[in-house]
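**Student:**
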Amino acid sequence: MSAPNIETIVSLSKRRGFVYPASEIYGGLGSSWDYGPLGVELANNIKKSWWRWIVYERDDIEGLDSSIIQNRLVWKYSGHEQTFHDPLVDCRDCKTRLREDKLDRDANGKPVCSNCGSTNLTESRPFNLMFRTTVGAASSDEDESALAYLRPETAQGIFINFANVLNTSRRKLPFGIAQIGKAFRNEVTPGNFIFRTREFEQMEMEYFCRAEDAPRLHQEWIDGFQGWLESLGLSAANLSLYEQTKEELAHYAERTVDIMYRYFPEREDESKQWDELMGIANRTDYDLRVHSKKPEDAEGKRINPDSTEDLSYFDTATNERFYPYVIEPAIGVNRTLLAVMMDAYTEKTNEKGETRVILKLTPEMAPIKVAVLPLAKNKPEIVEMAKKIKKDLQRSMRTVYDDTGGIGKLYARQDEIGTPFCVTVDHESLEDNAVTVRDRDTWEQERVGTDSLREYLQKRLS
Ligand code: ATP
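If you read the sequence shown in this note's numbering, its first letter stands for residue 936, the second for the next number, and so on.
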């Protein structure tokens, strides 16, 4: 089972402290969201898993953390100033502002307003998605020389550091550079909770290679990411691949495959249930060339007269110098978090016939691994023993102590936030030095001695 729709996750998130509407006490801010105590843990677990898999478990990828605000020229030469647009239309009837490329068409191929169904729309005009800002104390908003942008993707920070990383890490092709960080896009139609927001977080990796190896490595990353996503708990039935058509491909890309997730299971038309979770692109040698000082156009003019660096690679084995191709898997932390929560969502009926929510997160994803609960909070010895167990377990796994309700309520709360195990300390524990361990998914209970508790939990969590 997974969540029937995104709304279910919105209300669970608010109720339990995963995600809140941002600026709520001032009426909110469009589609901005804040991550609460459990949301920040879940997001961190996703990022840690990605970093471990991409950077630590391989021997050919380095990490990087580049600036959000860069020299404006980065975005000039990357092409973002010229081409990072969405086609914007307004509905003349209901005044809604829409993204033309996302609209349904009528029988004559005319775009239809998704709000009121009208085809009375304005001509489409390009709208640049980059957030503008000015840098420096003396600058005015009109001062072009102070103009800067918040990065709309983390990838360019990697390309402009290609030579730095290459020279300091002494890498040979193929190798990659990975980065996690915030990106900003002034989206025309944000929405669907955290699926599309104006501020979001990306996990991007640029894998540099020889042109002839690029198609094979591209396919390896497509396969690899499907495996990684499944390791986060996403079921294969809710994942699919989408091969971008020639018309859809970005101008620099040779091939792009999107991994889609079933974000809209409630939609009758199966083909409309899917949307992009991530994209994996073969970006050719485009990026390193456009940021390099040497390449020339057909008339012999330098395509980049501002760059001071040549981002080419010298292959000592073949004595060749060239611009490497790059394979880019790019995925949003927020979209991943939404998919992980949707897929983990389960309902179960207890013996009283009440429906309970269980978030069946993998142990790696679970914000809290173990909750220690005293059966009687008015009994100091029980409380003391429970707190001691919490402290001891916390050294090796995220553990919380909770005595704010009856045991049934406490179990239900932990099930709903995906805590794999609850440890209950009762009157007998004081006698036999053992506690009850309750399994989130089966609700089965087992008596475990406190001496072996940590080892027991570690084993079951791994
Ligand atoms: P879309 O077509 O949905 O606008 P995109 O193809 O422009 O996405 P990319 O530029 O490939 O997206 O960005 C890589 C990843 O970053 C996306 O697959 C998604 O996971 C995430 N992402 C992009 N834009 C947003 C956004 N506005 N809000 C949340 N995540 C986003």
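Backbone N, C-alpha and C fix where the C-beta goes; we use that ideal spot for every residue, glycine too.
1. Answer with buried or exposed for Y991, where buried requires no fewer than 16 other C-beta atoms within 10 angstroms of its C-beta.
2. Do you know whose CA, among K1117, R1027 and G1214, lies nearest S1175's CA?
3. When we look at the beta-carbon of T1359 and count the other beta-carbons within 10 Å, is it buried (16 or more) or exposed?
4. Pull up the distance between the alpha-carbon of D1028 and that of S966, whole angstroms please.
5. Do the segment 1348 to 1359 and the segment 1293 to 1304 make contact, defined as three or more Cβ pairs closer than 8 Å?
6. Check whether the Cβ of Q1393 sits closer than 7 Å to any heavy atom of the ligand ATP, and report yes or no.
7. Mind checking F953: buried by the 16 CB within 10 Å criterion, or exposed?
8. When you compare each of T1180, E1205, R1373 and G962 to Y1196 by their alpha carbons, which one comes out closest?
9. Do you know how far the Cα of G1071 is from the Cα of S1242?
10. Looking at C-alpha atoms only, which residue of M1140, V1383 and S1364 is the closest neighbour of A1216?
11. Within 10 angstroms of the Cβ of L1040, are there 16 or more other Cβ atoms? Answer buried if so, exposed if not.
12. Going by Cα to Cα distance, which pick from F1094, F1066, V1100 and D1078 is closest to L1085?
13. Comparing C-alpha positions only, which one of K1322, L1328, D1327 and Y1346 sits nearest to Q1336?
14. Would you say E1183 touches the ligand ATP, meaning its beta carbon is less than 7 Å from a heavy atom?
15. Let me know the secondary structure DSSP gives G971 once reduced to three states.
16. Give the DSSP-derived three-state secondary structure of F1135 in the structure shown.
17. Can you grab the Cα-Cα spacing for the pair E1035 / K1045, in whole Å?
18. What residue does the alpha helix (DSSP H) around N1099 start on, and which one ends it?
19. Taking the alpha-carbon of Q1161 as reference, which of N1173, P1150 and R1151 has the nearest alpha-carbon?
20. Taking the straight line between their C-alpha atoms, what separation do you get for G1384 and I981?
21. What is the rounded straight-line gap between the Cα of N1285 and the Cα of G974?
22. Using the beta-carbon count (16 or more within 10 Å), is L1365 buried or exposed?
23. What span of residues does the alpha helix (DSSP H) with V1335 cover, start to end?
24. Measure the Cβ-Cβ separation of A938 and Y1280 and say whether it is below 8 Å.
25. At a cut-off of 7 Å, is Q1208 close to the ligand ATP when judged by its beta-carbon and the heavy atoms of the ligand?
**Tutor:** Taking the structure as given:
1. exposed
2. G1214
3. buried
4. 24 Å
5. yes
6. no
7. buried
8. E1205
9. 23 Å
10. M1140
11. Reading the sequence as shown, one finds Arg at residue 1040 and not Leu. Flag for R1040 reads exposed.
12. F1066
13. The displayed chain sequence assigns Tyr, not Gln, to residue 1336. The candidate whose alpha carbon is nearest that of Y1336 is K1322.
14. no
15. coil
16. strand
17. 10 Å
18. F1097 to S1104
19. N1173
20. 32 Å
21. 27 Å
22. exposed
23. Not the alpha helix (DSSP H): V1335 falls in the beta strand (DSSP E), residues T1334 to Y1336.
24. yes
25. no
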